[in-house]
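Enquirer: Below is one structure. I have some questions about it.
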Amino acid sequence: MAGSEPMPALIEVDGLSASYGRVAALKPMHLRVEDGEFVTVLGPNGAGKTTLLRAISRLIASRGRIRFKGRDITALPTHHLAKLGIVMVQEGRGLFGEMTVYENLLLGAYGLGHDGEKIERRFEQVFQLFPKLRERASQVAASMSGGEQQMLAVGRALMAEPKLLMLDEPSLGLAPKVAEGILDTLGELNRKGLGILLVEQKAPLALKLARRVYVLSSGSVRAELPAHEIKSHYDLARFYFH
Amino acid sequence: MTLRVSISTRLGSYGTFAAISAVGIALLFALVFIQGGYLLTVMQLAMIYGVFCVGLNFFMGYTGQASFGQNAFAAIGGYGTAILCVQFGWEPVAALVASMAIASVASLVVGYPTLRLRGHYLAMATFALGLITYDLSVQWTSLTQGYMGYAGIPPLGIGRFVVEDERLKLVCLMAILLFSLWLSGRLRNSRFGRALRAISTSEAGAAALGIRISQYKLAAFVIAAVYASAAGSLFAHTVGFISPEVFGLQMVVVTFTMLYVGGVGTVLGPAIGAIIASLLPEIVRGAGRFQDIAYALALLVLLIYLPKGLSTLADLGKRRPAEQGGGN
């Protein structure tokens with residue numbers, strides 16, 4: 378019966394794998410994020426976390442299927458994904474350092490086309506979330522502190538009206554308090570219904586917000602479990618090193 | 147808030163520098179006008195090279211790609227306008243516009259497969275394009291008259307109004323360069339220009355925001371080609387003669403120097419670079435047989451102390467990023 382069919386996941390990867398030359402960085406894996414869900418991918422360096430996000434974003438060649446809200450998007454090029462609402466905050470923030478904060482945010486809204494009113498509304502929402510960005514609107518991005526740059530990276534991603542926000546180690550290089558502030562904002566966004574796929578090494582921070590956790594090691598999923606279960610163990614080492 | 151605030155803030159420092167540059171250039175022009183003669187020709191060529199460099203800046207500066215073959219499109223402009231005017235009796239302006247159209251089509255055809263390459267490979271492919279065009283202009287004598295070149299190309303003009311006076315030629319060329327700069331500045335700060343500059347910083351990052359990389363690169367390549375073609379045509383109408391050497395390897399080297407001396411990726415840099423790099427040999431002429439060495443030394447000093455070009459003089463005195471930021 379059509380009515381009893383389960384809702385398609387926000388994003389679902391099926392048998393996704395990727396390699397750099399002969400080195401398999403990601404072995405065939407399955408992963409899904411439900412609509413409005415906060416999912417964290419944990420793993421040590423070299424586990425394949427960044428490769429996973431880059432493969433989903435079509436920034437690297439991969440095998441397997443990727444579905445977004447039930448639609449097969451495997452063959453779509455990267456630039457098409459932002460228009461669908463799949464937006465990624467890259468490791469190292471990926472800002473356009475010589476441009477101003479304002480220009481970076483405008484580029485975030487690139488997929489919204491020429492709809493000035495819509496873009497202006499997005500600006501207001503981002504500035505409400507990160508008031509500092511309003512103050513620094515005319516400042517060159519490279520001249521901001523690490524925390525402000527991360528705010529800008531998240532703000533720029535939000536300008537695109539994402540339905541799924543993927544973040545690659547947003548806490549990297551930030552002071553614990555600053556990182557906590559950024560992750561708290563992500564939690565707030567998730568409570569408003571934004572689906573989030575977060576890749577992190579700092580488990581305690583990431584687990585505070587996640588509903589489900591995937592643990593990656595050597596390019597494979599070692600465990601998939603609700604976040605509260607992993608919290609009770611707290612010793613993640615056994616998931617990391619098999 | 148926002149757009150107006152940010153742009154007016156940018157125009158603050160930028161506008162001051164532009165004003166100082168404008169005064170400096172105006173004084174220079176006054177001197178050239180009074181002096182006349184050879185200096186007038188040097189400045190005319192500087193304006194033409196300026197137009198070429200403004201176009202090259204779209205591809206190399208804003209988009210961050212390498213092209214060693216833009217001289218090919220200048221050749222299309224030069225020969226196009228020469229053939230149409232001398233052999234078919236076209237009006238110079240019509241010939242110039244038609245040559246730009248031919249160059250844009252040629253750049254589309256050449257750019258589509260070539261721009262799949264990146265970095266050094268793209269540089270080599272475009273370099274080959276310049277070499278092929280040079281060879282064609284030498285070998286295809288029925289069309290180009292080979293080494294003999296084309297003489298008797300009429301000066302620019304519309305109908306009965308012909309720009310024959312050398313000073314008036316300079317004024318016209320300067321107006322064309324200013325228009326090119328204005329267009330470049332407008333495009334740089336548009337949605338299109340921001341997309342180009344994003345590609346220049348990170349292709350992956352730009353694509354992740356929804357920017358179609360290949361389409362934008364091709365657009366920048368075509369714009370650069372159209373500017374180059376216009377410069378080629380202007381050269382033909384100003385000097386009245388063209389030959390293969392005009393659009394040879396020398397042009398690539400000279401325009402690269404101009405672009406980097408002025409400031410690659412900036413709006414005013416290409417024009418400033420074209421003027422300075424054209425005048426520099428005249429300034430060091432007093433060094434006699436050491437003229438080339440003096441020229442090279444002057445360029446080295448400029449590039450060492452102003453690695454981002456003369457147009458970044460506007461940034462001197464500003465606080466550096468490290469001083470502004472700090473902390474996490």
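Going down the list, the protein sequences come from chains E and P.
Each residue of the first sequence is one higher than the one before, starting from 378 at the first, in our numbering.
Each residue of the second sequence is one higher than the one before, starting from 147 at the first, in our numbering.
Cβ atoms here follow ideal geometry from the backbone N, Cα and C, with glycine treated the same way.
Keep in mind that this is a model prediction, so the values were computed, not measured.
Nearest-angstrom Cα distance between V317(P) and K495(E)?
Expert: 45 Å
Enquirer: Taking the runs of the beta strand (DSSP E) that are 3 residues or longer, which of them lie wholly in the stretch 311-365 of chain P?
Expert: Counting whole runs of 3 or more residues, the stretch 311-365 of chain P contains no beta strand (DSSP E) stretch at all.
Enquirer: Applying a beta-carbon distance threshold of less than 7 Å, which residues of chain E neighbour S348(P)?
Expert: G471
Enquirer: Please classify T162(P) as buried or exposed, where buried requires at least 16 neighbouring CB atoms within 10 angstroms.
Expert: exposed
Enquirer: Flag L405(P) as yes if its beta-carbon sits less than 7 Å from any beta-carbon of chain E, otherwise no.
Expert: no
Enquirer: Pull out every residue of the stretch 317-336 of chain P whose Cβ sits closer than 7 Å to any Cβ of chain B, in chain order.
Expert: The structure shown contains no chain B; its protein chains are E and P.
Enquirer: For E405(E), which three-state DSSP category applies?
Expert: At residue 405(E) the sequence reads Pro, which differs from the Glu that was named. Assigned with DSSP and collapsed to three states, P405(E) falls in strand.
Enquirer: Helix, strand or coil for A297(P)? Go by DSSP, reduced to three states.
Expert: Strand at A297(P).
Enquirer: Can you give me the C-alpha to C-alpha distance between T458(P) and A420(P), rounded to a whole angstrom?
Expert: If you take the alpha carbons of T458(P) and A420(P), they lie about 15 Å apart.
Enquirer: I'd like to know whether the C-beta atoms of A366(P) and F198(P) end up nearer to each other than 7 Å.
Expert: no
Enquirer: What number of angstroms, rounded off, separates the C-alpha of R431(E) from the C-alpha of P427(P)?
Expert: 51 Å
Enquirer: Flag S434(E) as yes if its beta-carbon sits less than 7 Å from any beta-carbon of chain P, otherwise no.
Expert: yes
Enquirer: What are the boundary residues of the beta strand (DSSP E) that includes V137(P)?
Expert: Since the first residue of chain P shown is 147 and the last is 474, residue 137(P) is not available in this structure.
Enquirer: Is it true that the CB of G455(P) sits closer than 7 Å to the CB of G408(P)?
Expert: yes
Enquirer: Nearest chain E C-beta to R340(P) closer than 7 Å, yes or no?
Expert: yes
Enquirer: Give the range of the alpha helix (DSSP H) segment to which F445(E) is assigned.
Expert: Not the alpha helix (DSSP H): F445(E) falls in the beta strand (DSSP E), residues R440 to F445.
Enquirer: Residues of the stretch 484-496 of chain E in Cβ contact with chain P at a cutoff of 8 Å, in chain order, please.
Expert: Taking 8 Å as the Cβ-Cβ cut-off, the stretch 484-496 of chain E approaches chain P at L484, G485, Y487, G488 and H491, given in chain order.
Enquirer: Tell me which residue opens and which closes the alpha helix (DSSP H) that D281(P) is part of.
Expert: G265 to Q285
Enquirer: Quick one: using the 10 Å Cβ neighbour count with 16 as the cut-off for buried, is A221(P) buried or exposed?
Expert: buried
Enquirer: Please report whether the beta-carbon of K460(E) lies at a distance below 7 Å from any beta-carbon of chain P.
Expert: It does: the Cβ of K460(E) has a partner Cβ on chain P nearer than 7 Å.
Enquirer: I'd like to check one pair, A344(P) with F473(E): are the Cβ atoms closer than 7 Å?
Expert: yes
Enquirer: Beta-carbon separation of A487(P) and V372(P) under 7 Å?
Expert: Limits of chain P in this structure are 147 at one end and 474 at the other, which puts residue 487(P) out of reach.
Enquirer: In terms of residues, what are the limits of the beta strand (DSSP E) holding E577(E)?
Expert: Boundaries of the beta strand (DSSP E) around E577(E): G572 to E577.
Enquirer: I'd like the list of long-range same chain contacts for E565(E), defined as Cβ closer than 8 Å, with 5 residues on each side in sequence excluded.
Expert: If we look at E565(E) and ignore the five residues flanking it on each side, its Cβ neighbours are L506.
Enquirer: From V418(E) to G265(P), what does the alpha carbon distance come to, in whole angstroms?
Expert: 34 Å
Enquirer: I'd like to know whether the C-beta atoms of L202(P) and L405(P) end up nearer to each other than 7 Å.
Expert: yes
Enquirer: Strictly below 7 Å CB to CB, what residues from chain E border R264(P)?
Expert: Those do not exist, as R264(P) stays about 15 Å from chain E at its closest Cβ, beyond 7 Å.
Enquirer: Measure the alpha-carbon distance for E512(E) versus F504(E) and round it to whole angstroms.
Expert: 9 Å
Enquirer: I want to verify the contact list: residues of chain P whose CB lies under 7 Å from the CB of E414(E), in sequence order.
Expert: Residues of chain P passing the Cβ test: none, with the nearest at roughly 22 Å.
Enquirer: Could you spell out where the alpha helix (DSSP H) holding P581(E) opens and where it closes?
Expert: It spans A580 to L584 - the alpha helix (DSSP H) in which P581(E) sits, taken as one unbroken run.
Enquirer: Return the residue from the list T227(P), A433(P) and T272(P) that minimises the CA-CA distance to F205(P).
Expert: The option with the nearest alpha carbon to F205(P) is T272(P).
Enquirer: What span of residues does the alpha helix (DSSP H) with V430(P) cover, start to end?
Expert: V430(P) -> no alpha helix (DSSP H), and no H or E assigned at all.
Enquirer: Could you pull out every unbroken alpha helix (DSSP H) segment of at least 4 residues lying fully inside the stretch 434-510 of chain E, listed in chain order?
Expert: 455-461, 478-485 and 493-506
Enquirer: Per the contact definition of three or more C-beta pairs closer than 8 Å, is the stretch 352-365 of chain P in contact with the stretch 326-341 of chain P?
Expert: yes
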